[in-house]
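Trainee: Just dropping this structure here.
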Amino acid sequence: MPDSAPAPFGSSSPRGPGAIRPSSAEPESDATDGVTAGALPAVPRLSVIVPTFNERGNVERMLVGIDGALKGVPYEVIFVDDDSPDGTADTVRQIGERDPRVRCIRRIGRRGLAGACIEGMLAAQAPLVAVIDGDLQHDVNVLRTMLDRSPDADLVVASRYVDGGSADGLNRRRGAMSRTATGMARRILGIKTSDPMSGCFLIRRALVERLAPALSPNGFKILLDIMTASKEPMRVVEVPMAFAARDEGDSKLDSRTMLDFVTLLIFKVSGGTISPRFVWFSAVGGAGLVLHLLMLKGGLLVGLGFAVAQSIATIGAMTSNFAMNNVFTYRDRRVSGLAMLPALLKFYLICGAGAVANVGVASWVFEGGWRWWLAGVAGSVIGAVWNFAMTSLFVWGPSK
Numbered sequence: 172m173p174d175s176a177p178a179p180f181g182s183s184s185p186r187g188p189g190a191i192r193p194s195s196a197e198p199e200s201d202a203t204d205g206v207t208a209g210a211l212p213a214v215p216r217l218s219v220i221v222p223t224f225n226e227r228g229n230v231e232r233m234l235v236g237i238d239g240a241l242k243g244v245p246y247e248v249i250f251v252d253d254d255s256p257d258g259t260a261d262t263v264r265q266i267g268e269r270d271p272r273v274r275c276i277r278r279i280g281r282r283g284l285a286g287a288c289i290e291g292m293l294a295a296q297a298p299l300v301a302v303i304d305g306d307l308q309h310d311v312n313v314l315r316t317m318l319d320r321s322p323d324a325d326l327v328v329a330s331r332y333v334d335g336g337s338a339d340g341l342n343r344r345r346g347a348m349s350r351t352a353t354g355m356a357r358r359i360l361g362i363k364t365s366d367p368m369s370g371c372f373l374i375r376r377a378l379v380e381r382l383a384p385a386l387s388p389n390g391f392k393i394l395l396d397i398m399t400a401s402k403e404p405m406r407v408v409e410v411p412m413a414f415a416a417r418d419e420g421d422s423k424l425d426s427r428t429m430l431d432f433v434t435l436l437i438f439k440v441s442g443g444t445i446s447p448r449f450v451w452f453s454a455v456g457g458a459g460l461v462l463h464l465l466m467l468k469g470g471l472l473v474g475l476g477f478a479v480a481q482s483i484a485t486i487g488a489m490t491s492n493f494a495m496n497n498v499f500t501y502r503d504r505r506v507s508g509l510a511m512l513p514a515l516l517k518f519y520l521i522c523g524a525g526a527v528a529n530v531g532v533a534s535w536v537f538e539g540g541w542r543w544w545l546a547g548v549a550g551s552v553i554g555a556v557w558n559f560a561m562t563s564l565f566v567w568g569p570s571k
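Structural data, given as C-alpha cells:
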C-alpha cells in the first residue's frame, strides 16, 4: 500500500479556525466530507488516540505536530473528549469536516483517562494504535519512533526513564508520585518496564480487542492495566521520550490519582476479585464511620440522649457517605441538580436495609459460638457488600 496523506493542517482558512489549507496538488472540493471528488482516503496504518478535557487551545498545535511526525504515513487521529465545557469537541469537528483523518468521540456522563483511551482504541481502524496525551507534554515525534519499532513488538512504551528520556516536565510533587507508583508497580506486580506509568504507548489493535473485557475504565493508568491484564507474555520495547511542561488545558492528574493507582493495585493483586470502585466505596464508609463517632460524641457532650445523638450521627454519616461517593466512587456517574434528592432518599433506604442485614448476620455468627470481633467483621462485610451492590444498581446505576 503506498504511503500517502491528505494536505497538512493550517490555521489560515476562510472556513474558520482549524480548517485545512489545501495543497496545490489537491484543489479544494465543495464536498462537505473534505475528500477530493473521486478519491478515497488512504486506509490508516496508525490510529492516534488523544484523550482530552478542556484542551481546545492545544488541538491545532497537536494536529500540526502529528502531521509533521508522521509524514508519508496514512494515519487517523481520534480525539476522545470528556464533554469539555471549553468547546474542545467542536474545534475537533470543525477540523474533521475538512479532513477525514480527524474524528471526535464526545463522552457524556463519563469521565476518566483510562475509559477514554479504551473507547478510542476500540473505535480505531488501523492495525496499530498509539495513545498520546492532548496536553502537548508528550513529544509527538515519539510517534514515528514507536511506529518504526512496532515490527519488533506487541507494545512499544515511550519511557521517561531510559537513556535519552526525560521527566523534566513533572513538578516535584508529581515527580515523586510517579517514581513511587513506578516502584510499587515493579515490586508488587513484577512489571519490568521502566515506566509503567507512561501515558504514551503504541499497541497492536488486535491485542486491545482481546484484552478490552479485562480492562478497567476507571482511573488513569491504562498502560499498567494493559500490561497486567495479558495472560500471555508480550513483546515490549521501550523508546526514550522527553516529558515537557504543560502549556495549556487542564491536567488530568489530580489529588485522586495516587488513590486510583492504589485501587488498581488492589484489584490486580486480588485477581480481579476486589473492584477499584468497591475499594473507594469502602474507604468512604471508613471515613463515614469516623464522622459518625465524632458526631455521636459531640451530641453526648452537649447533653443529648444517646438515642437522639445516635440518630443524628447516623443521618449525618449517611449523608456524608452519599456526597463523598457521588464525588469520588461514582464520579463517572455523578448525579446532580434535582436528581440528587431522590438519589439521596434511595441511598438512605438501601443503607438502612444494609444496617439491618449487618446486625442480623453479626448476631447469627455470634450466637453460633464465634468470637465477637469475627461476628462484627462478618456483619460489616455483608452490610458493605449489600450497600455497594444495591447503590451501584439503584442510585448510581446506568439506568438513571
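Under my numbering, the first residue of the sequence shown is numbered 172, with each subsequent residue one higher.
Don't be surprised by glycine CBs; every beta carbon is placed ideally from N, CA and C.
Below 8 Å, how does it come out for the region 278-291 and the region 371-378: are there three or more Cβ pairs, yes or no?
Mentor: In short, these stretches do not touch, since the Cβ pair count stays below three.
Trainee: Considering only residues of the same chain and omitting the five flanking positions on each side of Gly361, which have a CB-CB separation below 8 Å?
Mentor: In the sequence shown, the residue the question calls residue 361 occupies position 190. Here the set comprises nothing.
Trainee: Using the DSSP secondary-structure output, state which residues sit across from Ser255 in a beta bridge.
Mentor: Translated into positions along the sequence shown, residue 255 becomes position 84. DSSP output for Ser255 lists no bridge partner at all.
Trainee: Quick one, which of Arg502, Pro271 and Ala528 has its alpha-carbon nearest Pro388's?
Mentor: As a first step, residue 388 is located in the sequence shown; it is residue number 217 there, counting from the start. Of the listed residues, the one whose Cα sits closest to Pro388 is Arg502.
Trainee: Going by DSSP, name the residue or residues bridged to Leu293.
Mentor: Residue mapping note: residue 293 aligns to position 122 of the sequence shown, counting from 1. Partner(s): none; Leu293 has no beta bridge.
Trainee: Roughly how far, in whole angstroms, is the beta-carbon of Ser330 from the beta-carbon of Ala413, given that I think they are within contact range, below 8 Å?
Mentor: Counted from its first residue, the sequence shown places residue 330 at position 159. Counted from its first residue, the sequence shown places residue 413 at position 242. Not really, about 11 Å apart at Cβ, beyond 8 Å.
Trainee: At the level of alpha carbons, what is the spacing between Ser491 and Ser453?
Mentor: For the purposes of this step, residue 491 is taken as residue 320 along the sequence shown, with counting starting at 1. For the purposes of this step, residue 453 is taken as residue 282 along the sequence shown, with counting starting at 1. One C-alpha to the other measures close to 13 Å.
Trainee: Do Val532 and Ile553 count as a contact pair if the criterion is CB distance below 8 Å?
Mentor: Working through the sequence shown from its first residue, we reach residue 553 at position 382. Working through the sequence shown from its first residue, we reach residue 532 at position 361. Against a cut-off of 8 Å, the Cβ pair of Val532 and Ile553 comes out as a contact.
Trainee: Between the C-alpha atoms of Glu199 and Ala352, what's the straight-line distance to the nearest angstrom?
Mentor: On the sequence shown, position 28 is the one that residue 199 refers to. On the sequence shown, position 181 is the one that residue 352 refers to. Since pLDDT at Glu199 reaches only 41, below the 50 mark, its modelled position is unreliable, and the value read off the structure follows with that caveat. If I take the Cα positions, the gap works out to 50 Å.
Trainee: Who are the near neighbours of Pro256 in its chain, counting only those whose CB is closer than 8 Å to its CB and skipping five residues on each side?
Mentor: Counting from one through the sequence shown, the residue named residue 256 turns up at place 85. These residues qualify, in order along the chain: Asn225.
Trainee: Which of helix, strand or coil does DSSP assign to Ala213?
Mentor: Here residue 213 refers to the residue found at position 42 when the sequence shown is read from its first residue. Ala213: coil per DSSP, three-state reduction.
Trainee: Measure the C-alpha to C-alpha separation of Tyr519 and Met495 and round it to an integer number of angstroms.
Mentor: As a first step, residue 519 must be located in the sequence shown, where it is residue number 348. As a first step, residue 495 must be located in the sequence shown, where it is residue number 324. So the alpha carbons of these two residues sit roughly 14 Å apart.
Trainee: Rounded to whole angstroms, what is the Cα-Cα separation between Ala383 and Glu403?
Mentor: As a working note, residue 383 is residue 212 in the sequence shown. As a working note, residue 403 is residue 232 in the sequence shown. In a straight line, the C-alpha of Ala383 is about 15 Å away from that of Glu403.
Trainee: Using 8 Å as the cut-off, can you tell me whether the region 441-453 makes contact with the region 462-481, which would need three or more C-beta pairs spanning the two stretches below that distance?
Mentor: They do not touch, by the three-pair rule.
Trainee: Which one of Leu395, Leu516 and Ala549 has the shortest CA to CA distance from Val530?
Mentor: Position 359 of the sequence shown, counted from the start, is the residue given in the question as residue 530. Here the closest residue by C-alpha is Ala549.
Trainee: Thinking Tyr246 and Arg269 are a contact (beta carbons under 8 Å), I'd like their distance in whole angstroms, please.
Mentor: Here residue 246 refers to the residue found at position 75 when the sequence shown is read from its first residue. Here residue 269 refers to the residue found at position 98 when the sequence shown is read from its first residue. Their Cβ separation, rounded to whole angstroms, is 16 Å, which puts Tyr246 and Arg269 out of contact at 8 Å.
Trainee: Assuming Leu234 and Ile266 are in contact, meaning their beta carbons sit under 8 Å apart, how far apart are those beta carbons, in whole angstroms?
Mentor: Within the sequence shown, residue 234 is the residue found at index 63, counting from 1. Within the sequence shown, residue 266 is the residue found at index 95, counting from 1. At roughly 7 Å, the Cβ-Cβ gap stays under 8 Å, so Leu234 and Ile266 are in contact.
Trainee: State the Cα-Cα distance for the pair Asn497 and Arg448, rounded to the nearest angstrom.
Mentor: As a working note, residue 497 is residue 326 in the sequence shown. As a working note, residue 448 is residue 277 in the sequence shown. Distance between the alpha carbons of Asn497 and Arg448: 12 Å.
Trainee: Check whether the Cβ atoms of Arg272 and Val248 lie closer than 8 Å to each other.
Mentor: Taking the first residue of the sequence shown as 1, we reach residue 272 at position 101. Taking the first residue of the sequence shown as 1, we reach residue 248 at position 77. Yes; because the gap between Cβ atoms is below 8 Å, this pair is in contact.
Trainee: So, are the CB atoms of Ile521 and Thr485 less than 8 Å apart?
Mentor: As a working note, residue 521 is residue 350 in the sequence shown. As a working note, residue 485 is residue 314 in the sequence shown. No, Cβ-Cβ distance for Ile521 and Thr485 is not below 8 Å.
Trainee: Within 10 Å of its beta-carbon, does Trp557 have 16 or more other beta-carbons around it, so buried, or fewer, so exposed?
Mentor: Along the sequence shown, one-based indexing puts residue 557 at 386. Buried is the call here.
Trainee: So, at 6 Å on beta carbons, what are the nonlocal neighbours of Phe250 in its own chain, with the 5 sequence-adjacent residues on each side left out?
Mentor: Residue numbering aside, residue 250 sits at position 79 when the sequence shown is read from its first letter. Here the set comprises Val221, Thr223, Val263 and Cys275.
Trainee: Measure the alpha-carbon distance for Ser218 versus Val461 and round it to whole angstroms.
Mentor: Looking up residue 218 in the sequence shown gives position 47. Looking up residue 461 in the sequence shown gives position 290. Approximately 48 Å, taken between the alpha carbons.
Trainee: If you run the structure through DSSP and keep just helix, strand and coil, what is Ala285?
Mentor: Looking up residue 285 in the sequence shown gives position 114. Reduced to three states, the DSSP call for Ala285 is helix.
Trainee: Taking the alpha carbon of Pro322 as the reference point, which residue from Arg358, Thr500, His309 and Leu299 has its own alpha carbon closest?
Mentor: By one-based count along the sequence shown, residue 322 stands at place 151. Among Arg358, Thr500, His309 and Leu299, the Cα nearest to that of Pro322 belongs to Leu299.
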